[in-house]
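The structure under discussion appears below in the form of structure tokens.
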Amino acid sequence: TLATAILGGSQIEVSPSPKLTPKPVSDASGSQQYSLFDNDQPGESGFAPTPPKIAEKNIENTPHNYKLADTKELRKELVDALSAEPFFCYDSESTDIDANMAEIVGMSFSVKAHEAWYVPIPENRSEAETILEEFRTLFENENIQKVGQNIKYDAILLKRYGIELKGEYFDTMIAHYLIEPELRHNMNYMSESYLKYAPISIETLIGSKGKLQGNMRDVSIEKVKEYAAEDADITLQLKDVLEPKLKSEGV
111 TLATAILGGS QIEVSPSPKL TPKPVSDASG SQQYSLFDND QPGESGFAPT PPKIAEKNIE
171 NTPHNYKLAD TKELRKELVD ALSAEPFFCY DSESTDIDAN MAEIVGMSFS VKAHEAWYVP
231 IPENRSEAET ILEEFRTLFE NENIQKVGQN IKYDAILLKR YGIELKGEYF DTMIAHYLIE
291 PELRHNMNYM SESYLKYAPI SIETLIGSKG KLQGNMRDVS IEKVKEYAAE DADITLQLKD
351 VLEPKLKSEG V
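Just remember that the working numbering sits 110 ahead of the position in the sequence shown, which is counted from 1.
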């Protein structure tokens with residue numbers, strides 16, 4: 111069932127569409143995750159029209175603590191910290207909307223609202239695999255729940271590096287579909303609706319979608335860190351909102 115995909119383990123019976131580079135937003139800007147459930151056509155489609163922007167908060171006026179884990183020592187510290195948690199939110203930044211073609215640019219993690227870590231991954235495949243290997247025991251720990259937005263994409267992407275994303279999944283995109291099937295389900299839409307928070311637009315980093323759009327590898331690490339860590343942070347906050355709704359509605 112769909113509920114199994116969210117709370118009952120790593121079996122996902124819905125096939126949400128893949129992410130962009132690295133994920134799409136409610137206003138159609140690039141790097142979040144597009145969803146099969148999203149529909150921007152109001153009226154005759156039967157889907158609710160996009161509401162006016164109501165977000166009052168953003169990264170500039172919201173206190174946050176986003177850390178960079180870019181050394182082996184800092185990565186070990188991060189792995190040790192996450193391994194002690196019952197769950198963590200995970201998000202990958204990548205180079206392609208197709209998980210079977212993409213390369214990992216970086217990984218972000220969060221276990222507490224307004225706090226997150228970003229781990230940059232080098233373009234060199236051997237170096238990338240070496241860093242990812244440091245996280246294998248964490249990703250493959252079946253006792254730790256993994257939280258994500260369209261987490262199936264992240265699982266497929268990690269598998270291409272020989273790593274299994276094991277344990278229970280909580281997918282905020284599917285959770286929102288179960289609660290509000292007629293609405294849109296991408297992260298930015300949910301963030302603005304539930305958290306009154308407008309996430310960073312990928313267009314501010316790599317430009318508008320199209321042939322001239324840039325690549326996340328061309329963006330400074332500091333800017334990518336803020337963007338990627340925010341994604342994990344917001345997804346975790348959405349889980350905190352959506353999970354009680356699922357339980358109250360008996361889904």
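From the three backbone atoms N, C-alpha and C, an ideal C-beta is built for every residue, glycine too. These figures come from a predicted structure and were not determined experimentally.
Asked, Found
"Could you tell me the alpha carbon to alpha carbon distance between residue 324 and residue 359, rounded to whole angstroms?", "43 Å"
"Express the C-alpha separation of residue 181 and residue 228 in angstroms, rounding to a whole number.", "11 Å"
"Out of 173, 231, 352, 197, which has the shortest C-alpha to C-alpha gap to residue 268?", "231"
"Inspect the beta-carbon positions of residue 343 and residue 201 and report whether they are closer than 7 Å.", "no"
"Apart from the five residues just before and just after residue 265, which ones in its own chain have a Cβ nearer than 6 Å to its Cβ?", "275"
"DSSP three-state label for residue 178, please.", "strand"
"Go to residue 217, then tell me how far its beta strand (DSSP E) extends in each direction, as first and last residue.", "214-222"
"Can you list, in chain order, the residues of its chain with a C-beta nearer than 6 Å to that of residue 307? Leave out the 5 residues immediately preceding and following it.", "165, 167, 301"
"DSSP on residue 202, reduced to helix/strand/coil?", "strand"
"Can you confirm whether the stretch 239-247 touches the stretch 278-295 when touching is taken to mean that 3 or more C-beta pairs between the two stretches lie within less than 8 Å?", "no"
"By the DSSP assignment, the beta strand (DSSP E) with residue 245 in it spans what residues?", "No beta strand (DSSP E) holds residue 245; DSSP gives it neither H nor E."
"Using three-state DSSP, classify residue 281 as helix, strand or coil.", "strand"
"Go through its chain and collect everything with a Cβ distance to residue 220's Cβ below 8 Å, but skip five positions before and after it.", "198, 199, 226, 227, 339, 342, 343, 345, 346"
"Going by DSSP, what residues sit across from residue 335 in a beta bridge?", "In DSSP, residue 335 forms no bridge with anything."
"Just the C-alpha distance for residue 185 and residue 195, rounded to the nearest angstrom, thanks.", "16 Å"
"Restricting to Cα atoms, I'd like to know which of 224, 216, 222 is closest to residue 238.", "216"
"Less than 8 Å between C-beta atoms, sequence neighbours within five positions excluded: which residues of the same chain meet that for residue 350?", "223"
"Tell me where the beta strand (DSSP E) around residue 228 begins and ends.", "225-230"
"Please report how far the alpha carbon of residue 234 lies from the alpha carbon of residue 211, in whole angstroms.", "15 Å"
"Consult DSSP for residue 121 and reduce its assignment to one of helix, strand or coil.", "Note that residue 121 scores a pLDDT of 44, beneath 50, so its modelled location is shaky and nothing firm can be said."
"State the CB to CB distance for the pair residue 336 and residue 316, rounded to an integer number of angstroms; the pair is presumed to be in contact (CB under 8 Å).", "The pair is not a contact, with the Cβ atoms about 14 Å apart (cut-off 8 Å)."
"Within 10 Å of its beta-carbon, does residue 282 have 16 or more other beta-carbons around it, so buried, or fewer, so exposed?", "buried"
"Apply the 10 Å Cβ neighbour rule to residue 272 and answer buried if 16 or more other Cβ atoms are within range, or exposed otherwise.", "exposed"
"How many angstroms separate the CA atom of residue 240 from the CA atom of residue 175?", "27 Å"
"Inspect the beta-carbon positions of residue 250 and residue 326 and report whether they are closer than 7 Å.", "no"
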